[in-house]
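One line per chain: the protein sequences are A and B, in this order.
-9 is the number of the first residue of the first sequence in this note's numbering; add one for each residue after it.
1174 is the number of the first residue of the second sequence in this note's numbering; add one for each residue after it.
Shown next, in structure tokens, is the structure this report addresses.
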Amino acid sequence: MSATHSNSAETIPVYDVRDVSYRYHQVRALDHLDLRVEAGRRVVLLGANGSGKSTLLRILNGLCFPDEGEVDFCGKPLTREGIESDGFGLEFRRRVGLVFQNPDVQLFCPTVFDEVAFGPLQLRWSEGEVRRRISETLEMMEITHLKDRSPHHLSMGEKKRVALASVLVLDPEILLLDEPTAALDPKSESHMIDFLVRSRGAGKTIVTTTHDLDIAEDIADDCFVFHEGSIVAGALPSQILSDVPLLKRTNLLHAHLHVHKSGEVHSHPHLHRHEE
Amino acid sequence: MDALEHVFYAEEVARADGLLQRLDARVKLLGLLALILPAAAARRFVVLEGLFAVAVVLAALSRVSFGLLLKRVWIAVLLFTGVIALPAPFVTPGRAVYQLPWLGWPITAQGLESAGYLVLRVETAATLCVLLVLTTRWNHVLKALRVLRVPAVLVTILGMTYRYVFLVLQTAHDMFESRRSRMVGELTGGERRRVAASSAGVLMSKTVDLSSEVYLAMQSRGFRGDVYILDESRIQRFDWIMLAGFTLISAAAFWWGR
């Protein structure tokens, strides 16, 4: 499935996912899923918890491979053999970065400096280049002061920024972000959204999973809705966000009780939209 | 949560502005090791006392609290080594200097000397080791091990263990608190054992999941089985001077302690 903007049937997409299914033992996580991601687009995958978004990101990052169906990356098949090969594998890791939902998974080194250095060292960059890129990335993410800190001393917001820095240090063309604003306080969330909004002009392809409808319009050019392992809709964010029956059906929008100033208590769905 | 508190305290000491804190971790590791070796080999009390005095002076110049050393090292070592050394005065042949009343067991001068050597050796070596650990961040200690030709993969595994042990401890603590918040009254011994066993199982399962995820995160950033480490520290003139100082003291202690 592709969003309605797509004008490039003739250009090679960054990702072409065709009829992909994936199971965790007996549980089907992805069910005959199709998706096309064009270069330079910011794509948001909207879906409730357990809808298969994170599994798809792992497949797009070559960490697991479909039971059925095929995935092409820039016109080449994304396979286990390809990822394990020196040529394609290293090139793929340099071009594609994944930020995990849980930063504790991603921050496995004793210090922030070591964490950010990990990727470039694995790709055998020269020591001078590694140091230069670490310094630039820490500055860009405004975390230079955390350089010598251990991850267990960081707040959740700081951990997320370090996790993002550890991927951005490689300057990947394609960025995969798994729930980047989950469990963040408002200030850290706004930092993350600012980054995603600013990245619009950087020419990167960004695929973000979230169930936060409030940020989708700000960070997406294209929007896809996940439900039970399949994509059930793909369109411009404004079109998706105005389709209330779709959002309700896919558990992205729900009514809950709340109190108004008058003291009246009632229940209806909430959605935060920008008019301009 | 005592373990976490100890670690936070140690990191606070490691950040203090003291003599050993200013040294490069590799120099500190080699220098303190150079003092531990003659302490293990010395056959003269005066040399051991001298090395112990050096350790105490280093602690003072590095702003390490004597109260902490007394509690965590000196008394603990005295109790532990004392138990091991206790039979020596009675079983070592030599000139009897005292006889235990009622039992009539003789205490020999040679036995007392052996026990004294053992206790002082361990006190000196333990003080120097604790100074290394307290005045150096753990990740720097690990990287410093590379000068002793410890393989990079082992250094990385130790680093990751250190990183995740806190996460697992925190998880275990949260599980414990969560259970306590829903409990009224005391559990019987059998119930406590069952809860402990099931908690250990859950923790184990979480740890296995976590390790799988961490491996994926490593792969995602290009890990292919080989480990590379970037050392950010530089040895300065002050480090070389201190290393020379450690070497001189060590050589003198070896010479006088023969």
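Where a beta carbon is used, it is the ideal one built from N, C-alpha and C, also for glycine.
For Y1335 (chain B), a Cβ of chain A is located within less than 7 angstroms of the residue's own Cβ. When the alpha-carbon of L160 (chain A) is set against those of B:A1426, B:G1395 and B:L1196, the nearest one is in B:G1395. Here the alpha carbon of V1387 (chain B) sits roughly 5 angstroms from the alpha carbon of V95 (chain A). Two segments are said to touch when three or more pairs of C-beta atoms, one from each, lie closer than 8 angstroms; by this definition the stretch 98 to 106 of chain A touches the stretch 129 to 144 of chain A.
For T1254 (chain B), the enclosing alpha helix (DSSP H) starts and ends at I1248 to A1258. Within the stretch 93 to 109 of chain A, those residues whose Cβ lies closer than 9 angstroms to any Cβ of chain B are, in chain order, D94, V95, Q96, L97, F98, C99, P100, T101, F103, D104, A107, F108 and G109.
With a cutoff of 7 angstroms on beta-carbon distance, S41 (chain A) and H217 (chain A) are scored as near each other. Not one beta carbon of chain B lies nearer than 7 angstroms to the beta carbon of H135 (chain A). The stretch 57 to 110 of chain A is shown to contain whole beta strand (DSSP E) runs of 3 or more residues at 58 to 63 and 86 to 89, in chain order. Taken through DSSP and simplified to helix, strand or coil, V1186 (chain B) comes out as helix. For the stretch 1373 to 1395 of chain B, residues whose beta-carbon sits nearer than 8 angstroms to a beta-carbon of chain A comprise L1383, E1386, V1387, L1389, A1390, M1391, Q1392, S1393, R1394 and G1395. The stretch 1234 to 1250 of chain B and the stretch 1304 to 1313 of chain B touch, with no fewer than 3 CB-CB distances between them shorter than 8 angstroms. Annotation: Cβ neighbours of S156 (chain A) in chain B (cutoff 8 angstroms, chain order): R1394.
Listed in chain order, the alpha helix (DSSP H) elements of length 4 or more contained wholly in the stretch 134 to 169 of chain A are 146 to 158. Interface flag for G1398 (chain B) against chain A is unset, since no Cβ pair is found closer than 7 angstroms. For S220 (chain A), no alpha helix (DSSP H) run applies; the uninterrupted beta strand (DSSP E) run containing it begins and ends at S220 to A225, by DSSP. At least one CB of chain A lies nearer than 7 angstroms to the CB of F1339 (chain B).
Under the DSSP assignment, I1330 (chain B) falls outside any beta strand (DSSP E), being part of the alpha helix (DSSP H) whose first and last residues are A1325 to S1354. Ranked by how close their Cα comes to the Cα of G1374 (chain B), the residues B:M1356, B:G1398, B:M1348 and B:G1362 have B:M1348 in first place.
Nearest neighbour of G87 (chain A) by Cα position, chosen from B:M1391, B:R1431 and B:Q1343, turns out to be B:M1391. Look at the stretch 1295 to 1329 of chain B: the residues with a C-beta under 8 angstroms from a C-beta of chain A are R1310, W1311, N1312 and L1315. Interface residue (Cβ-Cβ distance to chain B less than 7 angstroms): N51 (chain A) is classified as such. G1418 (chain B) does not reach chain A, its nearest Cβ partner there being about 27 angstroms away, counting only Cβ pairs nearer than 8 angstroms. L36 (chain A) sits in a strand when the DSSP states are folded into three classes. R122 (chain A) counts as exposed, since fewer than 16 other C-beta atoms from the protein chains shown sit within 10 angstroms of its C-beta. Residue state for Y12 (chain A) is assigned as strand, using DSSP reduced to three classes. Here the alpha carbon of G1430 (chain B) sits roughly 38 angstroms from the alpha carbon of V1326 (chain B). DSSP lists no bridge partner for H201 (chain A).
Put simply, the CB of Y1401 (chain B) is near chain A, with a gap under 7 angstroms to one of its CB atoms.
For F78 (chain A), the nearest beta carbon of chain B is not closer than 7 angstroms to its own beta carbon. Here the stretch 1285 to 1299 of chain B makes contact with the stretch 1215 to 1223 of chain B; the two share three or more CB pairs at distances below 8 angstroms. Taking a C-beta distance under 7 angstroms as the contact criterion, F1419 (chain B) and A1207 (chain B) qualify as a contact pair.
For the pair of segments examined, the stretch 103 to 122 of chain A was found not to touch the stretch 165 to 173 of chain A: the number of CB pairs separated by less than 8 angstroms stays below three. Against chain A, the beta carbon of G1332 (chain B) has neighbours under 7 angstroms at C99 and P100, listed in chain order. In this structure, the beta-carbon distance from Q1283 (chain B) to T1254 (chain B) does not fall below 7 angstroms. Within the same chain, Cβ atoms closer than 7 angstroms to the Cβ of R83 (chain A) are found at L113, the five residues on either side in sequence being excluded.
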